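Q: Dumping the structure here so I can ask a few things about it.
Numbering (the numbering used here), first residue to last: 777 to 1496.
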């Protein structure tokens, strides 16, 4: 029989036909026959009944190693009554296809199959769907119910009443890419991962129930990436017996680290002698995610404060949008490094520092307290009451785009903002509309009033919470309305604001006697009217004033520029004075000295020391503007000293009252002139050393000359 391209092999332990698997009437009575007969692309349909991995009722000891082995590329389906013709006609919850590891003495477990189902690492593209796996008993290794080391889908299965002295008692997934969907993993006993162990390259655990397992942890994430979404984890018992214990234990194996990514799940009724729910056993550097989960009604019996907590993370653990409430623990959270931004937008009963965290009662519909743990979540209700402070108060940034449903498979965001915890309050629909006070397209600077239809509460896209808003900018305005019945509606209105803008560019500062050109620029229009009365995009001005321009756009909108201030700078004509052989200008920003009308190279300071005769002046610059030339000072005798062979010494120099003169000239003459050449003192030289009284002279620079016939020697003298 063919269904699509797949051959269907039938299995029914009550069949009485040819036992060749070709039909329900001729179905194999033993599942191992069908597995041995299947090739890639086949499907195996298994009717309700109990199937064991071996053929004989009294196996040899080696038979405990025999398991059901899903083949590569083959889909195994259980849950048939034994008369179906279409796959969607089966019901695995009623017609139980049981894979039973109790292959020996029915009253003891130690001779059971070590692993009831085993998919080794070579298995790819396999499906295991609709089975109940029980009574595996592994005294030394991982995996009592099923060990899945290949890449496959495990869906609609139950793993219960299995035992393992190792990890991953109910189901252990490792090695490849494994999807575990809508499975029930319960009442298994083992060590780490008494219910489930994740050590696959990537494991997706979706919509599963993991409950009432007993071991060091119910879920053990030891390596690879483990993604859990929409799972209920309850009633599990974690007893460390000297080891770290938690319902969800994230650890490392050698140099490999496990990464936990848990979304939209409920953890309740679990009990541990260490951390009651979540613990990162080693501070590995993996980035763990714990978003939109509810952790409530769990219990820790640890006697030390550091151990007695609901959630024990690391610096790499991101707790977002969660509810942590009514856990019977000394602390809700613990990090060895103290509080930090690992926890955000959560409700934490004890309170917790960090962005967006509160400590208000989340108002569950029908919860149970942590003091009553352990208990199964069945029969209790952790959905949110209508008045819950968890509704619409989280952060949408921390809602996964891939895991965007809540625990009831409803839209993760119903309303404006994601709710805290694993359940999203679903709103009924209401009609909403927006009316406007006038046209919704207008010129820049105007506005229109938008009014939402009647309701109990309003939330606009601009953050307003009133029924009316004034819209003055282009955009789509959206309002969310909740009516008196708690129903949710949304409406939008497009507003178009025609732009009009204009700016002026040019020089803000000019010098007296100069002009500047101002240019108007507008991306929206080309008609310009200046405050001077001029039109066009440019004007030339030479007066100090505040200039504006108005532009008109194609939509007949106008805009006026900001005032453009033009300043006319003036500069005073400098005045220079003489101080000895130094010329000094009045203060300015920059200076240029001139001699006989020509600029003196490098003479750009406020003072200038002259060394030759001539007419001196200066031109200065202030505020970027150049002055007229200063007054002129004429230097006739610059008091440049002669270097002659005749001995001519003067001391002290400078002097205040008298000069001592030593010379080789006899029968000569001397004369003392001021800087303009005027002779003030004169006389004959009659001795090689004589004194000259200068006490009556003013302070300044003078020239003392000794004259011997046609020879004259000059020395500069300073009167102080």
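Even glycine gets a Cβ: it sits at the ideal position worked out from N, Cα and C. Predicted model only: the values in this text are computed from it and were never measured.
Helix, strand or coil for residue 827 per DSSP?
A: Of the three classes helix, strand and coil, the one that applies to residue 827 here is strand, per DSSP.
Q: Within 10 angstroms of its Cβ, does residue 1284 collect 16 or more other Cβ (buried), or is it exposed?
A: So residue 1284 ends up on the exposed side.
Q: With DSSP as the reference, identify every bridge partner of residue 908, one or two as the case may be.
A: BP columns for residue 908 point to 874, 934.
Q: Compute the Euclidean distance between the alpha carbons of residue 1076 and residue 914, then round it to the nearest angstrom.
A: For residue 1076 and residue 914, the distance between alpha carbons rounds to 29 Å.
Q: First and last residue of the beta strand (DSSP E) that includes residue 884?
A: Unbroken run through residue 884: none, as it is neither H nor E.
Q: If you check the beta carbons only, do residue 939 and residue 895 fall under 8 Å apart?
A: Not closer than 8 Å, so no.
Q: For residue 1322 and residue 1390, what's the separation of their Cα atoms in angstroms?
A: Their backbone Cα atoms lie some 47 Å apart in a straight line.
Q: Kindly list the residues whose CB is nearer than 6 Å to the CB of residue 927, restricted to its own chain and excluding five residues on each side of it in sequence; keep chain order.
A: Correct list, in chain order: 900, 952, 953.
Q: Ignoring anything shorter than 3 residues, give me the beta strand (DSSP E) runs that lie fully in the region 1301 to 1383, in order along the chain.
A: Within the region 1301 to 1383, the complete beta strand (DSSP E) runs of at least 3 residues are 1301 to 1306, 1314 to 1317, 1321 to 1323, 1325 to 1329, 1334 to 1336, 1340 to 1345, 1352 to 1355, 1358 to 1361, 1366 to 1371.
Q: Which residues in the same chain have their Cβ closer than 7 Å to the Cβ of residue 816, if we skip the five residues on either side of it in sequence?
A: The answer, listed in chain order, is 848, 849, 850.
Q: Please work out which residues of its chain come closer than 6 Å, Cβ to Cβ, to residue 950, disregarding the five sequence neighbours upstream and downstream, and give them in chain order.
A: The answer, listed in chain order, is 925, 975, 976.
Q: Apart from the five residues just before and just after residue 790, which ones in its own chain have a Cβ nearer than 6 Å to its Cβ?
A: Answer for residue 790: no residue qualifies.
Q: Taking the alpha-carbon positions, what's the residue 1048 to residue 1022 distance?
A: Each residue's alpha carbon lies about 6 Å from the other.
Q: On the CB-based measure, 16 or more other CB atoms within 10 Å of its CB, does residue 1194 come out buried or exposed?
A: With 16 or more Cβ atoms within 10 Å of its Cβ, residue 1194 is classed as buried.
Q: Mind listing, in chain order, the continuous beta strand (DSSP E) runs of no fewer than 3 residues lying wholly within the region 1049 to 1121?
A: Counting only runs of 3 or more, we get 1051 to 1056, 1064 to 1067, 1070 to 1072, 1085 to 1088, 1093 to 1096, 1099 to 1101, 1107 to 1110.
Q: Nearest CA to the CA of residue 1038: which residue from 1123, 1026, 1045?
A: Checked all of 1123, 1026, 1045; the closest Cα to residue 1038 is 1026.
Q: Just verifying my parser: in three-state terms, what is the DSSP assignment at residue 1251?
A: Residue 1251 falls in the strand class under three-state DSSP.
Q: Since residue 931 and residue 888 should fall inside the 8 Å C-beta cutoff, what is the C-beta to C-beta distance between them, to a whole number of angstroms?
A: Between residue 888 and residue 931 the Cβ distance is about 25 Å, and since that is not below 8 Å, they are no contact.
Q: Take residue 1159 and list the residues in its own chain whose beta-carbon comes closer than 6 Å to its own, dropping the five residues that flank it on each side.
A: Only 1141, 1199 meet the Cβ criterion.
Q: Kindly identify the DSSP beta-bridge partner or partners of residue 1401.
A: Note: residue 1401 sits in a beta bridge opposite 1398.
Q: Where does residue 973 land, buried or exposed, given buried means 16+ other C-beta within 10 angstroms?
A: When all chains shown are included, residue 973 counts as buried.
Q: Under a three-way DSSP split, which group does residue 1158 fall into?
A: In the structure shown, residue 1158 sits in a strand (DSSP, three-state: E or B).
Q: Closer than 6 Å by C-beta to residue 1115: which residues in its own chain qualify, once you throw out the five before and the five after it? Chain order, please.
A: Note that residue 1115 has pLDDT 49, beneath the 50 cutoff, so the model's placement of it is unreliable and the number below is only indicative. Closer than 6 Å at the Cβ level, and outside the excluded window around residue 1115, lie 1129.
Q: Hey, would you say residue 1152 sits closer than 8 Å to residue 1033, going by beta carbons?
A: Not a contact, by the Cβ cut-off of 8 Å.
Q: Would the beta-carbon of residue 1489 fall within 8 Å of that of residue 1424?
A: Taking 8 Å as the Cβ cut-off, residue 1489 and residue 1424 qualify as a contacting pair.
Q: For the region 1195 to 1214 against the region 1223 to 1230, do three or more pairs of beta-carbon atoms, one drawn from each stretch, fall closer than 8 Å, so that the two count as touching?
A: Touching, per the Cβ criterion.
Q: Using CA coordinates, which residue listed in 1373, 1411, 1317 is at the minimum distance from residue 1355?
A: Residue 1355 has its Cα closest to that of 1411, out of 1373, 1411, 1317.
Q: Take the Cβ of residue 1309 as the centre, count every other Cβ of all protein chains shown within 10 Å, and call the residue buried at 16 or more, exposed below.
A: Exposed, by the Cβ-count rule.
Q: Whether or not the region 1231 to 1241 and the region 1251 to 1259 are in contact is what I'm after, with contact meaning three or more pairs of Cβ atoms, one per stretch, closer than 8 Å; do they touch?
A: Touching, yes.
Q: State the Cα-Cα distance for the pair residue 796 and residue 802, rounded to the nearest angstrom.
A: Spanning the two alpha carbons is a distance of roughly 6 Å.
Q: From 1121, 1054, 1097, pick the residue whose C-alpha is nearest to that of residue 1107; which is it?
A: Nearest option by C-alpha distance: 1054.
Q: Cβ atoms of residue 1317 and residue 1271: under 8 Å apart, would you say?
A: No; because the gap between Cβ atoms is not below 8 Å, this pair is not in contact.
Q: Distance check for residue 995 and residue 864, CA to CA, integer angstroms please.
A: Near 31 Å, if we compare the C-alpha coordinates of residue 995 and residue 864.
Q: Taking the alpha helix (DSSP H) that residue 809 falls in, what are its first and last residues?
A: Residue 809 -> alpha helix (DSSP H) spans 807 to 813.
Q: From 846, 1169, 1315, pick the residue whose C-alpha is nearest to that of residue 1507; which is it?
A: The first residue shown for the chain is 777 and the last is 1496, placing residue 1507 beyond what the model contains.
Q: Check whether the region 1293 to 1312 touches the region 1364 to 1373, counting contact only when three or more Cβ pairs, one atom from each stretch, lie closer than 8 Å.
A: At 8 Å Cβ cutoff, the stretches do not touch.
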